[in-house]
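Protein chains in written order, with the working numbering: chain A, 29 to 142; chain B, 61 to 174.
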Amino acid sequence: NAGVTQTPKFQVLKTGQSMTLQCAQDMNHEYMSWYRQDPGMGLRLIHYSVGAGITDQGEVPNGYNVSRSTTEDFPLRLLSAAPSQTSVYFCASSSRQGLNSPLHFGNGTRLTVT
Amino acid sequence: GNSVTQMEGPVTLSEEAFLTINCTYTATGYPSLFWYVQYPGEGLQLLLKATKADDKGSNKGFEATYRKETTSFHLEKGSVQVSDSAVYFCALSVWDTGRRALTFGSGTRLQVQP
């Protein structure tokens, strides 16, 4: 029962470095998304995908890229890390983009940019 | 726009006390409403949901009623346990310009003391 798997759990980057946060789900969910969680701000949507080959921007997309080549995987790329990107990142999926479809979350990646 | 307002925490209670966490919302359409719970070191997981006015969602002794007239979805539990210590997020889901818009509150930390 893996659900949504995120790697790595922790990462420290220097300003300007790039990296990819991995996300995989084994529930055959159409919808996948990336959020960042910052203290006192709840969760903010970065990018989302409604199916393989289809991605779109969320509320805070700047500095991040995504792709969806398979149903299972939805990696998040940081192009040139900045201290403002220090956050906890969550990948989440749902069976479809329905109003009542709950999100299934991974356990998060804690990223620090120095 | 869409927004969710939760009471600020932390909320500190003794075991077996009654819990209420307030949540009010504004939405551009007719939303579905959710409560998610986040235990330390984990991602969010669905606690309960309600999809139309006067619906009551319930799970694990927690309840919340969808009140359209007061735009509220307060979370209640009659007798909390130490294991309920976590962060609780209220969220709404609504169609907005052709896509699902999910909005989360900033979260309320609950600490239950033995």
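Quick reminder that beta carbons are idealized off the backbone N, C-alpha and C, glycines included.
Computed from a prediction, not measured in an experiment: that's the story for all the values here.
Not a single CB atom of chain B sits nearer than 8 angstroms to the CB of Met47 (chain A). Pairing Tyr63 (chain A) with Leu49 (chain A) gives a Cβ-Cβ distance that is not under 8 angstroms. The beta carbon of Arg127 (chain B) does not come within 8 angstroms of any beta carbon belonging to chain A, so the residue lies off that interface. In this model, Gly44 (chain A) and Pro89 (chain A) are separated by some 17 angstroms (Cα to Cα). The beta carbons of Ser145 (chain B) and Gly68 (chain A) sit about 19 angstroms from each other, so the pair does not count as a contact at 8 angstroms. Of the residues assessed, Val64 (chain B) falls on the buried side of the cut-off, its CB having 16 or more other CB atoms within 10 angstroms. Boundaries of the beta strand (DSSP E) around Leu73 (chain B): Val71 to Ser74. Chain-ordered, the chain B residues with CB closer than 9 angstroms to the CB of Gln125 (chain A) read Arg159 and Arg160. Distance from the Cα of Arg105 (chain A) is smallest, within the candidate group A:Phe118, A:Asp54 and A:Ser46, for A:Ser46.
One thing to note: Lys42 (chain A) has its Cβ no nearer than 8 angstroms to the Cβ of Thr137 (chain A).
Using a CB distance cut-off of 8 angstroms, Met69 (chain A) counts as an interface residue toward chain B. Across the set B:Ala124, B:Tyr99 and B:Leu170, the C-alpha of B:Ala124 shows the shortest separation from the C-alpha of Ala113 (chain B).
Contact between the segment 85-105 of chain B and the segment 124-133 of chain B is present: three or more C-beta pairs spanning the two stretches fall below 8 angstroms. The Cβ of Pro130 (chain A) sits closer than 8 angstroms to at least one Cβ of chain B.
Think of a sphere of 8 angstroms around the beta carbon of Asn135 (chain A): the chain B residues whose beta carbon falls inside it are Gly101, Glu102 and Gly103, in chain order. Using a 10 angstroms sphere on the CB of Ile81 (chain B), the tally of other CB atoms reaches 16 or more, which defines it as buried.
Listed in chain order, the positions of the segment 89-118 of chain A with a beta carbon within less than 8 angstroms of a beta carbon of chain B are Phe118. Note on Leu71 (chain A): 16 or more other CB atoms within 10 angstroms of its CB, so buried under the neighbour-count rule. Counting the other Cβ atoms within 10 Å of the Cβ of Ala110 (chain B) gives 16 or more, which makes it buried. Under the 10 Å beta carbon count, Pro91 (chain B) is surrounded by 16 or more other beta carbons and is classified as buried. Distance from the Cα of Asp54 (chain A) is smallest, within the candidate group A:Thr140, A:Phe133 and A:Val141, for A:Phe133.
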